[in-house]
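Q:
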Amino acid sequence: MGHKVHPYGFRLGVSRTWTAKWYADKDYTDLLKEDIGIRRLVDKRLANASVSQVEIERGINHVTVTVHTAKPGIVIGKGGQNVEVLRQQIGAMTRRKVKLEIKEIRQPELDAQLVAANIAQQLTRRIAFKKAMKQSIQRSMKAGAKGVRIAVAGRLGGSEMGRREWDREGRIPLGTLRADISYGQVHAHTTYGRIGVKVWIYRGDIAPIRTPARDAIPTPATAGGV
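Using the working numbering, read the sequence shown as starting at 15 and increasing by one per residue.
1) Classify threonine 138 as helix, strand or coil using the three-state DSSP reduction.
2) Return the chain-ordered list of same chain residues with a C-beta closer than 7 Å to the C-beta of alanine 193, the five sequence neighbours on each side being excluded.
3) What's the C-alpha gap between threonine 33 and valine 162?
4) Judging by CA-CA distance, which residue of Ile164, Arg139, Lys160 is the nearest neighbour of glutamine 149?
5) Judging by CA-CA distance, which residue of Gln103, Arg109, Gly168, Val166 is the nearest neighbour of isoleucine 74?
6) Tell me, to the nearest whole angstrom, how far the beta carbon of leucine 55 is from that of isoleucine 90; I am working on the premise that it is less than 8 Å.
7) Measuring straight from C-alpha to C-alpha, what distance separates glycine 23 and glutamine 95?
8) Taking the alpha carbon of arginine 178 as the reference point, which residue from Gly184, Tyr197, Val211 has its own alpha carbon closest?
9) Quick check on DSSP: helix, strand or coil for arginine 53?
10) State the DSSP-derived secondary structure class of leucine 114, mapped to helix, strand or coil.
11) With a threshold of 16 other CB atoms inside 10 Å of the CB of asparagine 3, please say whether the residue is buried or exposed.
12) Over what stretch of residues does the beta strand (DSSP E) that includes isoleucine 186 continue unbroken?
13) Name the one or two DSSP bridge partners that leucine 163 has.
14) Count the other CB atoms within 10 Å of the CB of glutamine 102; is the residue buried (16 or more) or exposed (fewer)?
15) How many whole angstroms separate the CB atoms of leucine 124 and serine 173, which I take to be in contact at a CB cut-off of 8 Å?
16) In three-state terms, what does DSSP make of serine 66?
17) Runs of 4 residues minimum, wholly inside the region 68 to 110: which ones carry the alpha helix (DSSP H) assignment?
18) Assuming contact is defined by CB atoms lying nearer than 8 Å, are alanine 131 and valine 200 in contact in what I supplied?
19) So what does DSSP say about glutamine 121, is it helix, strand or coil?
20) Pull the bridge partners of isoleucine 220 from the DSSP assignment, please.
21) Can you check which of these residues, Asp57, Ala221, Trp36, Pro222, is closest to leucine 9 by C-alpha distance?
22) Is the beta carbon of glycine 198 closer than 8 Å to that of alanine 126?
23) I'd like to confirm the pairing. Which residues does DSSP put opposite leucine 26 in its beta bridges?
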């Protein structure tokens, strides 16, 4: 019997890399708490900036935070004021030198996290969930997606009993490691309660990433000295 696997965890080290790049032994718990605090701070301060992902990379005395957003102007602010305040707040939290990088998402219709957030906003404004799903799928397919799947669950339309509804167009090859699948999950807080939104977007196939650890493994031909 099949089991559900997270699309990102299944592809780590193969076609997708980690969003937190650091190693620690004794301080692992403290640094993990810092990572959670940094992500929560970014989500709170940039709630209206369409932030999809936050990457954290640590060195000995510095932290590099990369924010992927569809609205870099809002993140940076007038004269870089917003990004400077955010950098100072992260520095106060980590007590290390902070480098803050902003990367623009040029096609938000192909980013599952942003699509899910947009659907959640529509549900909060009491727009019909079927209409929100159908329009989002059409926009993503028009932008070049090869497949889109959207699932919503909760008291849809104010019904007495919660249920799950989904819609799909194209194909979503979750079992193919080379498939570039964007996944997003957001909660919509409505007057009837919380509604979960999940989005999968298949953007085509990509070549596996190469890591130093993988390159160091000898192949049967080189291991024998041939």
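The beta carbon of each residue, even a glycine, is placed where N, CA and C say it ideally should be.
Treat the numbers as computed from the prediction; the structure is a model and nothing was measured.
A: In terms of the structure at hand:
1) helix
2) Pro187, Tyr216, Asp219
3) 23 Å
4) Ile164
5) Arg109
6) Between the beta-carbon of leucine 55 and that of isoleucine 90 there is about 17 Å, and that puts the pair past the 8 Å contact cut.
7) 36 Å
8) Just measuring C-alpha positions, the residue of Gly184, Tyr197, Val211 sitting nearest arginine 178 is Val211.
9) helix
10) Strand at leucine 114.
11) Outside the shown range of the chain, which is 15 to 240, sits residue 3, and nothing can be said about it.
12) Segment: none, isoleucine 186 is in no beta strand (DSSP E) and carries neither H nor E.
13) In the sequence as presented, leucine is not what sits at residue 163; that position holds arginine. Partner(s): Arg182, Trp214.
14) exposed
15) That pair is no contact at about 32 Å.
16) strand
17) 86 to 90, 95 to 108
18) yes
19) For glutamine 121, the three-state secondary structure derived from DSSP is coil.
20) DSSP lists no partner for isoleucine 220.
21) Within the shown structure, residues of the chain are numbered from 15 to 240, placing residue 9 beyond reach of any answer.
22) yes
23) Arg30
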